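J.: Below are the structure tokens for one structure; questions will follow.
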Amino acid sequence: MPDLPVPAGEIQAVPGEVRILDNGVPWIRTQRELLEEWTAVDEISATFLAGGRHWSDLDGVELYVAGMWASARWTLGIDPDAPVTSKPRAVTGAAIRKELSWAEMCVASRLDGWECTTGTLNWLLWITGGREDMLWPDRFAAQATARRRTIT
230 MPDLPVPAGE
240 IQAVPGEVRI
250 LDNGVPWIRT
260 QRELLEEWTA
270 VDEISATFLA
280 GGRHWSDLDG
290 VELYVAGMWA
300 SARWTLGIDP
310 DAPVTSKPRA
320 VTGAAIRKEL
330 SWAEMCVASR
340 LDGWECTTGT
350 LNWLLWITGG
360 REDMLWPDRF
370 AAQATARRRT
380 IT
């Protein structure tokens, strides 16, 4: 992934490095926590995309996980595009605040894609400490918990 410019006055997040970013945005997840959740999100997403299924074929619960997947890819530096605004952005406090704001608006307004955006909101709140634990839909909760246990 190419290095993206970091706007003046903003602090880029480093996955696994606990710190306060610009705009007072906390980044509180350790490398171990990020690896555990990313592995679960990535593997669970792969199970429902198997057999050539496309994102447009997913139900609401699967879209929720897809939103977590997109957010994780961005915040971990795998994909340069921010999950809600779909624009290449460095992962900074300002960028996270913007994505959170747009995600909340989309979910509250039930705009197209709100299920996916709810997953995005979940991941972003979790990495910034707005949520203590990752929230998993019932359908995937046991699988996510089991996957995390195999990592630790």
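Read in order, the letters of the sequence shown correspond to residues 230 to 381 in the numbering used here. Glycine residues also receive a C-beta, built at the ideal position from the N, C-alpha and C atoms. Everything numeric in this text was worked out from a predicted model, so none of it was measured.
#1: What do you get for residue 258, buried or exposed, if any count of 16 or more other CB atoms within 10 angstroms of its CB means buried?
#2: First and last residue of the alpha helix (DSSP H) that includes residue 353?
#3: Return helix, strand or coil for residue 248, following the three-state DSSP convention.
#4: Determine the direct distance from the alpha carbon of residue 316 to that of residue 355, and round the result to whole angstroms.
#5: For residue 246, is the classification buried or exposed, using 16 other Cβ atoms within 10 angstroms of its Cβ as the cut-off for buried?
#6: Pick from 277, 297, 328, 276: whose alpha carbon is nearest that of residue 364?
#7: Among residues of its own chain, excluding the 5 on either side of residue 270, which ones have a beta-carbon nearer than 7 Å to its beta-carbon?
#8: Sorted by chain position, which residues of the same chain lie with C-beta nearer than 6 Å to residue 358's C-beta, five sequence neighbours on each side aside?
#9: Rounding to the nearest angstrom, what Cα-Cα distance links residue 233 and residue 322 in this structure?
T.: Looking at the coordinates:
#1: Position 29 of the sequence shown holds residue 258. Label assigned to residue 258: buried.
#2: Taking the sequence shown and counting its residues from 1, the one referred to as residue 353 is at position 124. Note, residue 353: alpha helix (DSSP H), 343 to 356.
#3: Position 19 of the sequence shown, counted from the first residue, corresponds to residue 248. Strand.
#4: If you number the sequence shown from 1, residue 355 lands on position 126. If you number the sequence shown from 1, residue 316 lands on position 87. Straight-line Cα distance between these residues: approximately 22 Å.
#5: Reading the sequence shown from its first residue, position 17 is the one you call residue 246. Exposed, since its Cβ has fewer than 16 Cβ neighbours within 10 Å.
#6: Counting from 1 along the sequence shown, the entry for residue 364 is found at position 135. Residue 364 has its Cα closest to that of 297, out of 277, 297, 328, 276.
#7: What you label residue 270 is simply residue 41 of the sequence shown in a count that begins at 1. 294, 297, 298, 301.
#8: Numbered from its first residue, the sequence shown carries residue 358 at position 129. Around residue 358: 255, 257.
#9: The sequence position of residue 233 within the sequence shown is 4, counting from 1. The sequence position of residue 322 within the sequence shown is 93, counting from 1. Approximately 14 Å, taken between the alpha carbons.
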